[in-house]
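**Student:**
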Amino acid sequence: MGTVDSLLTPAEEKKKQGVGNSKTMAAFKELITLIKTNASSYMMYFALVVIMLVFQIWTKGVFFTAQNITNLVNQAAYVAILAIGMTIILILKHIDLSCGYVAGLSGAVAAILMEKAGVNVWLSMLIVLLMALAIGLYQGLLVTKLGIPAFITTLAGMFIFRGLLSRALAKTGTIIVTNETFKGMCQGFIPDLPFNHSRIHLVTMILAVIAVLAFIWFQCRSRAHKKKYDFPVASTSIFVAGLFAVSAVILAAAWMLAINKGVPISAVIVGVILAGYAFMLSKTKLGRHIYGIGGNDQAAELSGVDVKKVTLFAFCSMSVLAAVAGFLYTSRLSSATPTAGLAFEMDAIASSYIGGTAVSGGVGKVTNAIIGTFVIMSLTNGMNLMTIDISYQYIVKGIIFIIAVAFDVKSRKK
Amino acid sequence: MSDEYILEMRNIVKEFPGVKALNDVNFKVRRGEIHCLVGENGAGKSTLMKVLSGVWKYGTYTGDIVFDGEVQQFKSIADSEAKGIAIIYQELALFPELSVYENIFMGHEIMKGKQIDWNETIVQSKEYLKKVRLDVNPAWPVKRLNTGKQQLVEIAKALSKNCRLLIFDEPTSSLNEDDSENLLNIMRELRDQGITCIMISHKLREVTAIADTITVLRDGSTICSLDAKTDDISEANIIKNMVGRTIDDIYPKRLEKNVGNVMFEVRNLSAEDRATGRQILKDVSFNVRAGEIVGLQGLMGAGRTECALAVFGNPYKYKITSGDVWLDGEPVKFKNPRQAIKKGLAYVSEDRKGNGLVLIQDVKYNTTIANLEELVNGVSIDENKEIGVANKYKKEINVKTPTVAQKVGNLSGGNQQKVQIAKWLFSHPKVLILDEPTRGIDVGAKFEIYSIMNDLVKKGMSIIMISSELPEVLGMSDRLYVMSEGKITGQLDIEDATEEKVMKMAINA
């Protein structure tokens, strides 16, 4: 209400209050509309926040500790890599059921090379990546040249590579990995500044600030770009609120890591690969071609797109990423086991769909697939903290997966 | 009030986010008449019929539907069908692998206790086939019939549901002349049997020939209802009401013809279908010169599209047994569409939704997809340039869309076609093949496309126009070829061409 020193009359003061209210009302209304129209894309963020909060409460605060978040990142890294590769495959309306055992086999072969044959760690990984490339070519050629459906090709691959994994480890059983560099990939942290003796990991905070600034810059540029061409944009208040929220989350997460041991190396690996693929999909010819083939492969062919070559690339990329995922998984366990790879593809596929990849093809973003990954892995992580039996974990994962896809299908129906 | 009119739609308002598709539409149909609904694309005809048939259910629109004197509140298509309203869409809704009789009774099978009575089904299906004068074995799978006959099966299906009001949405757009004529006769017979028909069509010649009443919609409003017996139902008057202005000529005139040398030539092209061994093309030869429009006429199935695809990189892998192709003086052999595009050949597909456009992507995506090289800056695509290009063509061809970020699937048919044309123009072709460029497009947009064609040949492009619409081919071409059953059966200069001559060549086996 108007104070004594206000220059406005009570009537004018009341009007100003009214205007303020209607502005917030308008912003609120817009938020609701925004949520409704973009429901499917914001759904996963919402789900992630809900899941994390729920576990925070149920674990009495253990979930959001630095140690646990670091664990979560290391646990999720290999799934994230697989989800990136799988998203491309799914956009093209194919599928790759073999990526799990390709990952497992990759870890095993790397371990054998390093531990049993004494090969240099980098050379070992290179050799395995080439092996994965060959696998990708093999499966890709079956799909493109022979026209065997991807489901069948990769299902067969799943059997074959599972067998090869068993064979590879038959004589030795589980192989313990001793190489520090290799183990560091999914257990280590990025180094801090050498002169920093405080308990706060400076490099982490610096990276976070850079990330926030970059994010704000990109968002502002994109908004200005859209406005220049009269494309619809969110109102200023919503836009600023969004920037604030995301920046706050990034800084909070970074702080939590910084007071622990800093940014895990696995996060950097995932980040680099994510950036590369996101750039490819959104900014390059290849990306356009991928979306075109997924949206209407006949139209793409007639428009000059090399459907076979792009599809071959997708399968090669998937297998090579599966090898990287295998490295991360083996690194975290410090060992290559004969059961590595079991059901990896399930997590990858679920991550991608929860992240908004369309069941009907032609739509999907790798950045969102990572959110999907964190949805699934938070469930796993949280339920482990609560020592819930693994069978319940499967049930919950399955239910969440169905809900996410049902939502997507329904919101596309209009 | 009600007995004369079987249907009254009163004050219908239907809105979509950002668009008022129907703005206080009033639509009255007399019992037992053939009522034609015309209007430009986006005028609201399909939307009005979707409201009537229950696709847009009660509650999603305001206003009243009064059928047989009673206000109706259809919650679904089943509701409207139960009342006797049936709608036959442009894209037929049949099951190609199932038999004719299974299709006719799909959804309302004849039962004997808990089992389907197939004998009775076959007997009754024969009755309905007789009613539509379709002489086929009801046991044949529907895919064995051509489009025209399939449409008759759809009508038989509607009759078997005891419909009293039958709605046809662009029924003759995929039919050749013979089947079109047959369909119109069937419609007349249905009318004589007391079934009321509503026909949505862009083919004004057919509309004026068959309609008892013509209602014109424009921009979601009813403009007028013309009674065939008392009002002026000339094409000129209808067009005037549809577009709100007169169109002097349906086909824009070309004042100067600047025809140069032969730009594209095909000689002795023969091809087989790999799977069946059927001869698709038999010794086809034709050419087109710079600055020329060459028409390629023929009935459905004559092989015109196959001919175009065979030279455009053969994407469906026909077995080409012979043939030479020259483009701009040099011999070419395109192994895929990409090679063809690089050399300056472009193909605007006849099935824009099926293989011409990526409907879930936006206008700027579809406009640029055939020539991304021109937008690439190092490794990445210059998005500013992309928007610039899309806007340039949007303006030049007059694509009606709020922005170039609009999904192409949301545009009307005519505007989708314009986006397709924009895509190929951006690939800077020397030879442009247009396959049924104005199919399913309203008069206004057609004129725009014809004008664009004239502009292009004035600048020296060569255009091959494949079309089933005889008046269009005669109105636009400089020369025309006629195909029949995979062969070129005739070639005519435009001065010598008459409808009779062309028809004769088209039927000639």
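Read top to bottom, the protein sequences are chains A and B.
Residues 84 to 497, numbered by this note's numbering, are exactly what the first sequence covers, in order.
Residues 1085 to 1593, numbered by this note's numbering, are exactly what the second sequence covers, in order.
The C-beta atom is built at its ideal place from N, Cα and C for all residues, glycine as well.
Using a Cβ-Cβ cut-off of 8 Å, state whether B/Leu1456 counts as contacting chain A.
**Tutor:** B/Leu1456 counts as touching chain A.
**Student:** Taking just the CA atoms, how far does A/Ala233 sit from A/Cys399?
**Tutor:** Their Cα atoms are separated by approximately 13 Å.
**Student:** Could you give the DSSP three-state label for B/Gly1574: helix, strand or coil?
**Tutor:** Note: B/Gly1574 maps to strand in three-state DSSP.
**Student:** For chain A, find out if any of its Cβ atoms is closer than 8 Å to the Cβ of B/Thr1487; answer yes or no.
**Tutor:** True, the Cβ-Cβ gap to chain A drops below 8 Å.
**Student:** Does the Cβ of A/Val260 lie closer than 7 Å to at least one heavy atom of the ligand ATP?
**Tutor:** Of the ligands one can find in the structure shown there are none, so the ligand ATP has no counterpart to examine.
**Student:** Starting from A/Lys310 and walking both ways along the beta strand (DSSP E), at which residues does that stretch end?
**Tutor:** First-last for A/Lys310: 285 to 311, but that is the alpha helix (DSSP H), not the beta strand (DSSP E).
**Student:** Look up B/Tyr1431 in the DSSP assignment and give the residues it is bridged to.
**Tutor:** Per DSSP, B/Ile1517.
**Student:** Would you say A/Thr367 faces chain B, with C-beta separation under 8 Å as the test?
**Tutor:** Chain B contact via Cβ: present.
**Student:** Less than 8 Å separating the beta-carbons of B/Ile1453 and A/Gly375?
**Tutor:** Yes, the pair counts as a contact, with Cβ atoms nearer than the cut-off.
**Student:** Identify the continuous alpha helix (DSSP H) that holds B/Arg1094 and give its terminal residues.
**Tutor:** Not the alpha helix (DSSP H): B/Arg1094 falls in the beta strand (DSSP E), residues 1089 to 1100.
**Student:** Please name the residue in A/Val388, A/Gln476, A/Thr319 whose C-alpha comes closest to that of A/Phe111.
**Tutor:** Considering only alpha carbons, the answer is A/Thr319.
**Student:** Select from the segment 1393 to 1420 of chain B all residues with a C-beta closer than 7 Å to any C-beta belonging to chain A, and list them in chain order.
**Tutor:** Answer in chain order: Pro1399.
**Student:** Checking contacts by CB at 8 Å: is A/Phe234 closer than that to chain B?
**Tutor:** A/Phe234 does not count as touching chain B.
**Student:** Are A/Ile454 and A/Tyr128 touching if we call contact CB-CB under 8 Å?
**Tutor:** For A/Ile454 and A/Tyr128, yes; Cβs fall inside 8 Å.
**Student:** Once DSSP output is grouped into helix, strand and coil, what is the label at A/Ala341?
**Tutor:** A/Ala341: helix per DSSP, three-state reduction.
**Student:** So, do the segment 145 to 160 of chain A and the segment 170 to 188 of chain A have three or more beta carbon pairs nearer to each other than 8 Å?
**Tutor:** Because the criterion of three Cβ pairs below 8 Å is not met, the segment 145 to 160 of chain A and the segment 170 to 188 of chain A do not touch.
**Student:** Is there a Cβ of chain B sitting closer than 8 Å to that of A/Ser386, yes or no?
**Tutor:** Closer than 8 Å: yes.
**Student:** Along the segment 348 to 362 of chain A, where does the CB come closer than 7 Å to a CB of chain B? Name the residues.
**Tutor:** From the segment 348 to 362 of chain A, no residue has a Cβ closer than 7 Å to chain B.
**Student:** DSSP beta-bridge partners for B/Tyr1565?
**Tutor:** Looking at the DSSP assignment, B/Tyr1565 forms a beta bridge with B/Leu1380, B/Gln1575.
**Student:** Where do the N-terminal and C-terminal ends of the beta strand (DSSP E) with B/His1119 fall, by residue?
**Tutor:** Element bounds for B/His1119: 1118 to 1122.
**Student:** Around the C-beta of B/Arg1217, are 16 or more other C-beta atoms found within 10 angstroms, so that it is buried, or is it exposed?
**Tutor:** Burial call: exposed.
**Student:** Since B/Trp1508 is in the alpha helix (DSSP H), which residue starts that stretch and which ends it?
**Tutor:** Element bounds for B/Trp1508: 1497 to 1510.
**Student:** Can you tell which of A/Phe410, A/Ser330, A/Thr420 has the C-alpha that lies nearest to the C-alpha of A/Phe301?
**Tutor:** Considering only alpha carbons, the answer is A/Ser330.
**Student:** Once you ignore the five residues that flank A/Ala294 on each side, which residues in its own chain have a CB closer than 7 Å to its CB?
**Tutor:** So the qualifying residues of the chain are Ile333.
**Student:** Could you name the residues that DSSP lists as bridge partners for B/Phe1348?
**Tutor:** Its beta-bridge partners are B/Val1372, B/Leu1411.
**Student:** Check the Cβ of A/Val446 against every Cβ in chain B and list those closer than 7 Å, keeping chain order.
**Tutor:** Neighbours of A/Val446 on chain B, chain order: Ile1444.
**Student:** Between B/Met1133, B/Tyr1089, B/Ser1551, B/Thr1451, which lies nearest to B/Met1283 when the distance is taken from Cα to Cα?
**Tutor:** The option with the nearest alpha carbon to B/Met1283 is B/Met1133.
**Student:** Taking the alpha helix (DSSP H) that B/Asn1269 belongs to, which residues open and close that run?
**Tutor:** Per DSSP, B/Asn1269 belongs to the alpha helix (DSSP H) from 1261 to 1276.
**Student:** Using the DSSP secondary-structure output, state which residues sit across from B/Ile1547 in a beta bridge.
**Tutor:** DSSP, once it has assigned bridges, lists B/Ile1377, B/Leu1516 as partnering B/Ile1547.
**Student:** Going by DSSP in three states, A/Phe111 sits in which element: helix, strand or coil?
**Tutor:** A/Phe111 falls in the helix class under three-state DSSP.
**Student:** A/Ala382 versus chain B: which residues are under 7 Å apart at the beta carbon?
**Tutor:** Correct list: Asn1439, Gly1440, Leu1441, Val1442.
**Student:** Any C-beta of chain A within less than 7 Å: which residues of the segment 1463 to 1474 of chain B qualify?
**Tutor:** Those residues of the segment 1463 to 1474 of chain B that come within reach of chain A (Cβ to Cβ, closer than 7 Å) are Val1463, Ser1464, Ile1465, Ile1471.
**Student:** Checking the sheet assignment: what are the DSSP bridge partners for B/Gln1199?
**Tutor:** B/Gln1199 is bridged to B/Lys1196.
**Student:** Leaving out the 5 sequence neighbours to the left and right, which residues in its chain are closer than 7 Å to A/Gly445 when beta-carbon positions are compared?
**Tutor:** Result list for A/Gly445: Ile174, Tyr374, Gly377, Gly378, in chain order.
**Student:** Taking the beta strand (DSSP E) that A/Gly409 falls in, what are its first and last residues?
**Tutor:** Premise fails: A/Gly409 lies in the alpha helix (DSSP H), 390 to 416, not in any beta strand (DSSP E).
**Student:** Within this structure, are the beta carbons of B/Gln1501 and B/Pro1521 separated by less than 8 Å?
**Tutor:** In this structure, B/Pro1521 lies closer than 8 Å to B/Gln1501 by Cβ.
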